[in-house]
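Structure record follows, encoded as structure tokens.
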Amino acid sequence: MTESAPHPGTTLLGALKRLAPGTPLREGLERIQRGHTGGLIVIGDGPEVVELCDGGIAFDVPFQPTLLRELCKMDGAVILSADASRILRANVQLVPSPTYPTAESGTRHRAAERTALQTGVPVVSVSASMNTLTLYAEGQRHLMEEPTVLTQRANQALSTVERYRSRLDLANQRLFVAEMNNYATVSDVLNVLQRQIMLERAANDMDSHIVELGVDARQLTLQLSELRGSVNEIEMLVRDYIAAPTIPDEEHLAQVLRTLSELPDSQLLNSATLARALGLPATEENLMQDVTPRGYRALSRIPRVPTFLMDRIVGAFGELPALLSASLDDIVAADSVSPLWARHIYDGLRRFA
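Numbering of the sequence shown is given in the numbering used here, commencing with residue 25 and proceeding in unit increments.
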């Protein structure tokens, strides 16, 4: 029997979305911070949470930031519904098992971490003395920083993504020119692949900043989306150069993409590791060996050409040089390629040439 996936609201990322600036819950927490009273808020009301509740006041009212602030003036925890839309209990003493390990020293923070570990639901602790917000979710402790600090870090991360995009575009253009003129090498391919993965990882790192910034991240979201480019850039590169028959097997393709995504950062700079993942020559002396693309990258630059149509064309011509030298009639003769698609692809390839 397979384990069910965790509810999105119980994950660290899901909890950060609920606590992002601009949300009612974040407004309530900021009111508690400004009042310097501290607070303990459990975001979940399942039986696993109820078992740990001792005493308190049970009621069921719509969530309001001002009400959360007032209820946290009492010493106990406040219990919210799983979607944080209602306040269900207040002034509750949480009694989690002491067997769950915690490195926290304060009573409130120790109860918060152990409750999160035991129940699997997010718990927020507001420190009265330190005036900080700490989120416990998915077995992790996350200190929530001020939006100004997060914005500064996100802008620094965005600058890194911009540099990666600039270097990738340069390497990509060099490889494309080499492909069109039939002198691409293993080194050229690995250089582009390395930079594509670095860009993707830097962009993924920014995602958490964007989630945590909430409404303050609108401009960053637009900029990051533009810098990310096409979501299938790495896939098209792998389809072109993976060591496989003419049309790469989808399962094999998925396995290679998974292997590349799981590479540690320290191995990402190792050309031999990347080459082995694609099945290309992995020794230093073979990095300058010529390689011929199948044509997926070139076809992906032609607007609106779907992957299944790329497969048919690659299956008919085998590699990019044969496709570039093909006539319009040759493309029409490929399996299930309509005259309209053939003309669109033929004209697109002529523009590249």
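The beta carbon of each residue, even a glycine, is placed where N, CA and C say it ideally should be.
With contact defined as three or more Cβ pairs closer than 8 Å, the stretch 259-272 and the stretch 63-83 are not in contact. When only Cα atoms are considered, residue 100 and residue 241 end up about 34 Å apart. The stretch 88-98 and the stretch 130-147 do not touch, with fewer than 3 CB-CB distances between them shorter than 8 Å. If you ignore the 5 residues before and after residue 77, its C-beta comes within less than 6 Å of the C-beta of 116, all in its own chain and listed in chain order. Taking C-beta atoms as the reference points, residue 45 and residue 239 count as a pair closer than 7 Å.
Rounded to whole angstroms, the gap between the alpha carbons of residue 38 and residue 160 is 12 Å. Residue pairing of residue 63 in beta bridges, as defined by DSSP: 150.
Secondary-structure assignment with DSSP links residue 159 through a beta bridge to 148 and 166. Residues 72 and 73 of the same chain have their beta carbon placed closer than 6 Å to that of residue 143, with the five preceding and five following residues left out of the count. With respect to the 7 Å criterion, residue 356 and residue 366 are classified as neighbours on the basis of their beta carbons. A straight line joining the alpha-carbon of residue 219 with that of residue 297 spans about 14 Å. Within its own chain, the residues whose Cβ lies closer than 7 Å to the Cβ of residue 174, once the five positions on either side in sequence are excluded, are 233, 236 and 237, listed in chain order. Leaving aside the five residues that flank residue 324 on each side, the residues in its chain whose CB is nearer than 6 Å to its CB run, in chain order, 260. Counting of Cβ neighbours within 10 angstroms places residue 149 among the buried residues, the total reaching 16 or more. Under the 8 Å Cβ criterion, the stretch 206-216 counts as touching the stretch 303-320, having at least three qualifying pairs. By the C-beta criterion, the stretch 171-186 is judged not to be in contact with the stretch 151-160, since fewer than 3 inter-stretch pairs fall below 8 Å. Just so you know, the alpha carbons of residue 169 and residue 248 end up roughly 21 Å apart. Assignment of beta strand (DSSP E) within the stretch 77-116, counting only whole runs of 3 or more residues, yields 81-86 and 101-104 in chain order.
Assignment of beta-bridge partners to residue 316 by DSSP yields no partner.
Between residue 329 and residue 302 a beta carbon distance of about 23 Å is seen, past the 8 Å cut, so the two are scored as non-contacting. CA-to-CA, the gap between residue 67 and residue 243 works out to about 29 Å. In the DSSP secondary-structure assignment, residue 118 is bridged to 77.
Taking the CA atoms as reference points, residue 286 sits about 29 Å from residue 338. Rounded to the nearest angstrom, the gap between the Cα atoms of residue 336 and residue 190 is 33 Å. Excluding sequence positions up to five before and after residue 267, its CB lies within less than 7 Å of the CB of 302, 303 and 304, all in the same chain and listed in chain order. The alpha carbon of residue 75 has as its nearest neighbour, out of 354, 334, 54 and 121, the alpha carbon of 121.
Using a 10 angstroms sphere on the CB of residue 203, the tally of other CB atoms reaches 16 or more, which defines it as buried.
Contact annotation: residue 322 and residue 293 have beta-carbon atoms that are not nearer than 7 Å. Burial check for residue 166: the Cβ neighbour count within 10 Å reaches 16 or more, so the residue is buried. Listed in chain order, the beta strand (DSSP E) runs fully inside the stretch 260-342 amount to none, counting runs of at least 3 residues. Between residue 223 and residue 213 a beta carbon distance of about 16 Å is seen, past the 8 Å cut, so the two are scored as non-contacting.
Its Cα nearest to that of residue 55, the residue 152 stands out among 152, 288, 40 and 107.
Beta-bridge pairing by DSSP links residue 209 to 314.
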